[in-house]
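Residue numbers (my numbering): 109 to 340.
Structure below.
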């Protein structure tokens, strides 16, 4: 896929290094990672368990800081930002989807999608309108008042997608978002993800073991010896 008219990636990881101490010895997870995520582009991160996929996602989403290197969001460096400033970027610029939907069980589908918008400070009437529209777009217009326990696994994950894009983020980061779903349901959720990318021009990075889904995305990358490599 072409990078489009945007001159700057939504997220750019530059020479990212991350290591942990294992006893007295350093365990290198990421060793000079470079990765650009562009608006409207879907990228599959395909690598074995334990290779650092989740660490890379956490650093890209400003949930974790690298030992070295810089994370740029919309061209701006983030390493010197305060925790509050990083949190603000996560609220407005980055959406997260996990293998487990992590919905709040006591709230309806609509309320789960409303919450991040209310935390951002939007008016309740506006959050209701926007949340209803997103859920309808994902085929859940008749399920908005249902709580998570009353929804199927695929429906729960689509609510989680709606929540992730509720604040119109520039980037969507997903960690095995279809890992707990059967193949047919996983395909429906994946189609919903791709619809969102095309409709909103969000930049999407998905860590997945599903090579069929990865093959339908714009780019495929892997982690080899702590570095990102492009796959055919």
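Each residue gets a CB set at the ideal place from its N, CA and C atoms; glycine is no exception.
Just so it is clear, the structure is predicted and the values come from calculations on it, not from any experiment.
Inter-residue CB distance, residue i and residue j (contact presumed, cutoff 8 Å)
i, j, result
"residue 281", "residue 165", "5 Å"
"residue 268", "residue 205", "6 Å"
Residue closest to residue i, alpha-carbon to alpha-carbon, out of the options
i, options, result
"residue 210", "136, 220 and 201", "220"
"residue 298", "144, 134, 160 and 246", "246"
"residue 308", "253, 199, 203 and 198", "203"
"residue 222", "115, 236, 152 and 150", "236"
"residue 250", "270, 171, 232 and 217", "217"
"residue 199", "212, 179 and 224", "224"
"residue 286", "234, 278 and 296", "296"
"residue 253", "215, 148 and 193", "215"
"residue 243", "233, 258, 264 and 232", "264"
Pairwise C-alpha distance: residue j and residue i
i, j, result
"residue 230", "residue 129", "42 Å"
"residue 120", "residue 331", "16 Å"
"residue 272", "residue 227", "13 Å"
"residue 134", "residue 189", "26 Å"
"residue 111", "residue 305", "Unreliable placement is indicated for residue 111, whose pLDDT of 44 sits below 50; no coordinate value is reported for it."
"residue 152", "residue 182", "20 Å"
"residue 113", "residue 122", "With a pLDDT of only 41 at residue 113, under the threshold of 50, the placement of this residue in the model should not be trusted, and no figure is reported."
"residue 238", "residue 131", "50 Å"
"residue 115", "residue 143", "15 Å"
"residue 291", "residue 194", "36 Å"
"residue 109", "residue 201", "Residue confidence is low: residue 109 scores 37 on pLDDT, short of 50, so the model does not pin down where it sits. Its coordinate-derived value is still stated next. For residue 109 and residue 201, the distance between alpha carbons rounds to 22 Å."
"residue 180", "residue 163", "16 Å"
"residue 325", "residue 303", "12 Å"
C-beta atoms of residue i and residue j nearer than 9 Å
i, j, result
"residue 316", "residue 338", "no"
"residue 174", "residue 124", "yes"
"residue 169", "residue 140", "no"
"residue 294", "residue 266", "no"
"residue 278", "residue 213", "no"
"residue 312", "residue 154", "no"
"residue 314", "residue 159", "no"
"residue 167", "residue 138", "yes"
Proximity test, Cβ basis, 9 Å: residue i and chain C
i, result
"residue 178", "The displayed structure is made up of one protein chain only, and chain C is not part of it."
**Study point:** Start-end ranges of the alpha helix (DSSP H) lying completely within the segment 236 to 286, minimum 4 residues
**Key:** 261 to 272
**Study point:** beta strand (DSSP E) segments (min. 3 residues) lying fully within the segment 129 to 194
**Key:** 133 to 145, 150 to 153 and 176 to 181
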